[in-house]
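Structure record follows, encoded as structure tokens.
Listed below in structure tokens is the structure:
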């Protein structure tokens, strides 16, 4: 038997699912709901429309979707922010609009915060903190941050997860997954954009962000990667005062990197800060393959001695060895303006479709590279160049790793900060030594020997398994057990429409039978009478009339007369 809590959760999920569909309909996305088989909800959304239709009609589709995401709440704001880093799956106008989404919500009360901290840490709050400032430093959809002081006197900040946010996010993820599955089932060609995969990626990202112990371990991992670097500072994690829903960190009293005037008055060297910031980020990406994914100016503090401290490690990017190799090669080919090498790398490493027009791709890549040909290297913005490159290849439905999108966005932010700190900042000069080191590492005898061994081992494994696989295939053919599964795509909508047409035809036959049967009974003056008419005939006409009215109402409501 299902427990009460599970039933209650399912009811919440269904209610949320319908609310999402109604909001989308209210903002003019009825066609999208109808495309995935939710025409009834679209019709109800039009009936319960609360927004000014005239005002909405003046807005673009991207603006309307942004407003819909904001109305649907924190989970969908986070989804929009994730999609703003994925120009490979959504059009550029939506990317630009989703970048405007702000993760700001009213703060929750200090009483709720106290209860949440005590629940997470399993004890009275005064056993862990001497005092907590009741006024938050910042409030967002997942958590809010307060200053505090430990019993031992250290000044700290505590990040506390918003009460009830886990249940809300899980309900929203369930509804999003249902919509994504409907899209894949009903919309032909949607598999190119992999809506279910996007929801899975979003679910993984937001679940990691809600687990603050992961953020604490991330801080320590990046700190260990830079153990020999004296000009980077990482906030200390106080594990005894931390849990999955509470993270206690050292309070860092520094100057925001965007406060240029205060940096100057404090005697800090803006040029050195720009150089160190670029070198640290590029080392995270190209050497460690593990980088800070949200390095906006509010998360970068400058300490005395031109020491850089990064805050908020909730979003991180990961690049494995293969992806780092691809990134190094593609950036080097672009900087060297080698179009053939760029195309070759894309065709080898990208997820390409069978209908790819290679000649047109090479032509557009040539135009892209030519646009940078006359620009001096010191004036090239690597982040924007990488983003333009990604926009070109997405036109040809070439799928690349989402972390590369996050990297391109982060590079744009890092370069912007570098140029604001030092007008002569040149990212290419910082990038070239890292790429040269990566190439020397790949061409070293040890690495070449490792790659050769890996290739030989894979071929030996293939040769060892090939006889067994061929024998199994032949045996299946001999036993008539060899099967080929064919997948028919795009037929689900046709099948649903066909079933609906059959049901309507059956209803028409029943309705006609009731009318004809009642008319025949009217000619016979036997049996019980009702209002002077044969009772069976009267009931038949009544039933036929009710069915006919219900049918007409359903057709009008669906909007398909």
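In UniProt numbering, the protein residues as written are 1 to 561.
We treat Cβ as the ideally placed atom computed from N, Cα and C, and that holds for glycine.
If you're wondering where the values come from, they're calculated on a predicted model, not measured in any experiment.
>> Going by beta-carbon coordinates alone, are residue 384 and residue 412 separated by less than 8 Å?
In response: Here residue 384 is taken as the residue at index 384 of the chain shown, counted from 1. Here residue 412 is taken as the residue at index 412 of the chain shown, counted from 1. Yes, they are a contact pair.
> Are at least three pairs of beta-carbons, each pair with one atom in the region 283–295 and one in the region 249–256, less than 8 Å apart?
Replying inline: no
> Got a sec: is the Cβ-Cβ distance from residue 435 to anything in chain B below 8 Å?
Replying inline: This model lacks chain B altogether; it includes just one protein chain.
>> Buried or exposed for residue 152, going by 16 or more other Cβ atoms inside 10 Å?
In response: On the chain shown, position 152 is the one that residue 152 refers to. Looking at its Cβ environment, which holds fewer than 16 other Cβ atoms inside 10 Å, residue 152 is exposed.
> Assuming residue 270 contacts residue 421 under a Cβ cut-off of 8 Å, what Cβ separation, rounded to an integer in Å, is found between them?
Replying inline: As a working note, residue 270 is residue 270 in the chain shown. As a working note, residue 421 is residue 421 in the chain shown. About 4 Å; that satisfies the 8 Å criterion.
>> Assuming residue 155 is part of the alpha helix (DSSP H), what are its boundary residues?
In response: Taking the chain shown and counting its residues from 1, the one referred to as residue 155 is at position 155. Run containing residue 155: none in the alpha helix (DSSP H); it sits in the beta strand (DSSP E), 155–161.
> Could you give the uninterrupted runs of the alpha helix (DSSP H) lying entirely in the region 106–144, keeping only those of 4 residues or more?
Replying inline: 110–121
> By a C-beta neighbour count over all protein chains shown, 10 Å radius and 16 as the cutoff for buried, is residue 549 buried or exposed?
Replying inline: Counted from its first residue, the chain shown places residue 549 at position 549. Per the 10 Å Cβ criterion, exposed.
> Where does the unbroken alpha helix (DSSP H) through residue 318 begin, and where does it stop?
Replying inline: In the chain shown, counting from the first residue as 1, residue 318 sits at position 318. That residue, residue 318, is in no alpha helix (DSSP H); its beta strand (DSSP E) goes 316–318.
> CB residue 111 to CB residue 142, shorter than 8 Å?
Replying inline: Position 111 of the chain shown, counted from the start, is the residue given in the question as residue 111. Position 142 of the chain shown, counted from the start, is the residue given in the question as residue 142. No, Cβ-Cβ distance for residue 111 and residue 142 is not below 8 Å.
> Terminal residues of the continuous alpha helix (DSSP H) containing residue 452?
Replying inline: For this step, residue 452 is matched to residue 452 along the chain shown. 445–478 is the span of the alpha helix (DSSP H), which, as asked, contains residue 452.
> Any idea what DSSP makes of residue 235, helix, strand or coil?
Replying inline: The residue given as residue 235 occupies position 235 in the chain shown. Coil.
> Distance, Cα to Cα, residue 510 vs residue 542?
Replying inline: Counted from its first residue, the chain shown places residue 510 at position 510. Counted from its first residue, the chain shown places residue 542 at position 542. Taking the straight line joining both Cα atoms gives about 14 Å.
> Taking DSSP as the reference, what is the three-state secondary structure of residue 2?
Replying inline: Walking along the chain shown from the start, residue 2 turns up at place 2. Interpretation of residue 2 is limited by its pLDDT of 41, a score under 50 that renders its predicted location unreliable; no figure is taken from the coordinates.
> How many angstroms separate the CA atom of residue 19 from the CA atom of residue 317?
Replying inline: The sequence position of residue 19 within the chain shown is 19, counting from 1. The sequence position of residue 317 within the chain shown is 317, counting from 1. One C-alpha to the other measures close to 33 Å.
> Does the separation of the CB atoms of residue 113 and residue 160 fall below 8 Å?
Replying inline: For the purposes of this step, residue 113 is taken as the residue at position 113 of the chain shown. For the purposes of this step, residue 160 is taken as the residue at position 160 of the chain shown. Closer than 8 Å, so yes.
> If you count every other CB in all the chains shown that lies within 10 Å of the CB of residue 456, and 16 or more means buried, which is it?
Replying inline: The residue you call residue 456 lines up with position 456 of the chain shown. It is exposed - the Cβ of residue 456 has fewer than 16 other Cβ atoms within 10 Å.
> What residues in its chain sit with their C-beta under 6 Å from that of residue 23, if we drop five residues either side in the sequence?
Replying inline: Looking up residue 23 in the chain shown gives position 23. Once the five neighbours on either side are set aside, the close Cβ partners of residue 23 are 68, 71 and 72.
> At which residues does the alpha helix (DSSP H) containing residue 75 begin and terminate?
Replying inline: Within the chain shown, numbered from 1, the residue matching residue 75 stands at position 75. Residue 75 -> alpha helix (DSSP H) spans 74–83.
> For residue 380, which three-state DSSP category applies?
Replying inline: Residue mapping note: residue 380 aligns to position 380 of the chain shown, counting from 1. Residue 380: coil per DSSP, three-state reduction.
> When we look at the beta-carbon of residue 241 and count the other beta-carbons within 10 Å, is it buried (16 or more) or exposed?
Replying inline: Start at 1 with the first residue of the chain shown, and residue 241 comes out as number 241. With 16 or more Cβ atoms within 10 Å of its Cβ, residue 241 is classed as buried.
>> Check for me: the beta strand (DSSP E) holding residue 229 runs from which residue to which?
In response: Here residue 229 is taken as the residue at index 229 of the chain shown, counted from 1. Neither: residue 229 is in no beta strand (DSSP E) and is coded neither H nor E.
> Between residue 136 and the rest of its own chain, which residues show a CB-CB distance below 7 Å, the 5 nearest in sequence each way excluded?
Replying inline: Position 136 of the chain shown, counted from the first residue, corresponds to residue 136. Once the five neighbours on either side are set aside, the close Cβ partners of residue 136 are 107, 144, 145 and 146.
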